[in-house]
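Numbered by the UniProt record's numbering, the letters in the sequence shown go through residues 1 to 395 in order.
Everything on this sheet refers to the single structure shown next.
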Amino acid sequence: MHILIGHPSRSIFLMAWAIFSVFPSVAQLKNQVRVSINFHEIDKDRLSVDFDDGVVLEPVDLSGVDSVLVINKPVYTPYPTIRLTYDRKSGLDYFINSDGATLNLFYDANRTDTPFYSVANPNFTAIYDSITNEMYRDLRRGQQAELNKLNDLFKKHGHEIGSNDSIKYELTTLIKTINAKSMDFMTSYADHFFSFYYFKSQVLGLTNMIVPDPEYYKSLLIYYEKTFPQKFRFTGEGKQITATLQKKISLVHLGENMPMPEVYFKDSHGDTIRYKNQKERFVLLDFWASWCGPCIQQIPDIKILREQFTEESLNIVSISIDTDSTRYENCKKEHKLDWVHSLDRGGTRSASLGISSIPTVLLLDPDGKIVYYKNGGKLDIEKIGAIVRKKQRKN
């Protein structure tokens, strides 16, 4: 089994939530935002806070914070977002409507239904509030049949998506139908930030679950440029959407006996990871994410390879597409992943290589040629070992 980039279980769940981001009476934020969050009976060790500036979603450092958290950051979107998660399950997501806003956050164990909560505040709009967002309700109502089929497909055949062509075709058809209905609906509301955000988070998010299709991505880019106004498209967030689609359009097809494209990643020290002219060293590229179950299940096999070969003969590089760097770092520590790592936040550079699902593993020979390629399924460590040893014997 493999997992389609975009975290399908999460993506489908998001489709059941409302995104209320119309903000008819609130002016857009400028280039900087400062917000305060007051903690009431909150255990910081159980809390995680993530701030999305429109381009990057990253965790907020809570060390040194007592009862008030102050966030003061540049933003590249009309409405940045903040995500508050308690015990890794109770979550609150907000659009920030006003600079200088203050949010009061509470935890009350006696509230059995919603112990983690905040007081209503006009400067923060709850993103996933299906009660107040009529636009979202109308949009989702028109997609309900397809959304039900999509959920059923993952429940019954999620484990077959990577190996069953008919299931792949059914999934792709459903997603394109859902996206078509979304875009048809959003055309009438293009001036609303809700539509722009929905296109980014849901329409583009779902494209990560289908077989790569450059012509389809091209049609999405045409729609995006024709539909949404410059006030959204010309922000940092809007430009990133354009860049993402352009990269998808020019996807590279990877396969065995093909040279590795000139797309490089940075390691945790900021140094470029090289693939070619490695003398006698092979390079194993492992594309993964902390939330990907099959990726985690594959870790013991990668550890076996690490034990069998020295770094001089086999350089192992794990490239994560996580967006949450805290979860990513914690996963590395928990599983003791003692080799080279790169965080490709959100999988942008991975997508330019045509990596549309994980786990994906590539073995490159010292000249940078792909000599082993595996997308999903069981990693063949015996074959990988044989390839590396054969080269060693020749030398």
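Built from N, CA and C at the ideal position, the CB exists for glycine as well.
At the level of alpha carbons, what is the spacing between residue i and residue j?
i      : j      : result
Thr207 : Leu245 : 10 Å
Arg46  : Ser219 : 43 Å
Asn123 : Thr102 : 8 Å
Lys378 : Leu353 : 22 Å
Pro80  : Asn97  : 8 Å
His269 : Ser342 : 9 Å
Ser305 : Gly385 : As written in the sequence, residue 305 is Leu, which differs from the Ser given in the question. Between Leu305 and Gly385, the C-alpha separation is close to 7 Å.
Gly346 : Lys239 : 16 Å
Lys303 : Lys383 : 15 Å
Cys292 : Pro359 : 8 Å
Leu139 : Phe194 : 11 Å
Val35  : Asp129 : 21 Å
Gly255 : Val371 : 8 Å
Asp267 : Glu311 : 15 Å
Asp367 : Met258 : 11 Å
Lys149 : Thr348 : 29 Å
Gln278 : Tyr224 : 42 Å
His192 : Tyr136 : 12 Å
Glu58  : Ile82  : 10 Å
Phe51  : Val60  : 7 Å
Asn72  : Ser166 : 49 Å
Ser118 : Pro74  : 24 Å
Pro294 : Glu334 : 16 Å
His157 : Ile210 : 14 Å
Ala120 : Asn104 : 9 Å
Lys44  : Ser67  : 9 Å
Lys276 : Lys369 : 8 Å
Compute the beta-carbon to beta-carbon distance between residue i and residue j, rounded to the nearest angstrom, for a pair I have assumed lies under 8 Å.
i      : j      : result
Val340 : Ile273 : 7 Å
Ile316 : Asp344 : At roughly 16 Å, the Cβ-Cβ gap does not stay under 8 Å, so Ile316 and Asp344 are not in contact.
Asp53  : Tyr76  : 6 Å
Ile161 : Lys168 : 6 Å
Asp322 : Ala289 : 5 Å
Ala351 : Lys248 : 6 Å
Gly142 : Phe185 : 7 Å
Gly376 : Ser357 : 6 Å
Would you decide whether residue i is buried or exposed? Buried here means 16 or more other CB atoms lie within 10 Å of its CB.
i      : result
Glu146 : buried
Arg111 : exposed
Glu237 : buried
Gly205 : buried
Val203 : buried
Phe232 : buried
Arg327 : buried
Asn164 : exposed
Ile133 : A quick correction: the sequence has Asn, not Ile, at residue 133. Buried.
Lys336 : exposed
Ile175 : buried
Ile131 : exposed
Ile222 : exposed
Ser250 : exposed
Using a threshold of 8 Å, is the CB atom of residue i nearer than that to any non-hydrogen atom of the ligand SAH?
i      : result
Ala145 : In the structure on display, the ligand SAH does not appear, and there are no ligands present to speak of.
So, with DSSP's three-state summary, where would you put residue i?
i      : result
Ala386 : helix
Val203 : helix
Phe228 : coil
Ile249 : helix
Asn97  : coil
Phe23  : Because the pLDDT of Phe23 is 34, which lies under 50, any placement of that residue in the model is unreliable, and the number read from its coordinates should be weighed accordingly. In the structure shown, Phe23 sits in coil (DSSP, three-state: anything other than H, G, I, E or B).
Asn37  : Checking the sequence, you will find Ile at residue 37 rather than Asn. Looking at Ile37 - three-state DSSP - the assignment turns out to be strand.
Thr173 : helix
Lys73  : strand
Asp184 : helix
Thr81  : strand
Ser195 : helix
Asp165 : helix
His7   : At His7 the pLDDT is 38, less than 50, meaning the model places this residue with poor confidence; the figure from the coordinates comes in the next sentence. If DSSP states are grouped into helix, strand and coil, His7 belongs with coil.
Would you list, in sequence order, the uninterrupted alpha helix (DSSP H) runs of no fewer than 4 residues that lie entirely inside the UniProt domain "Thioredoxin" (254-393)? 293-308, 325-335, 348-352
Suppose only complete runs of 3+ residues qualify. What are the beta strand (DSSP E) ranges in the region 103-159, listed by chain order? If we require 3 residues or more, the beta strand (DSSP E) runs fully inside the region 103-159 come out as 116-118, 124-126.
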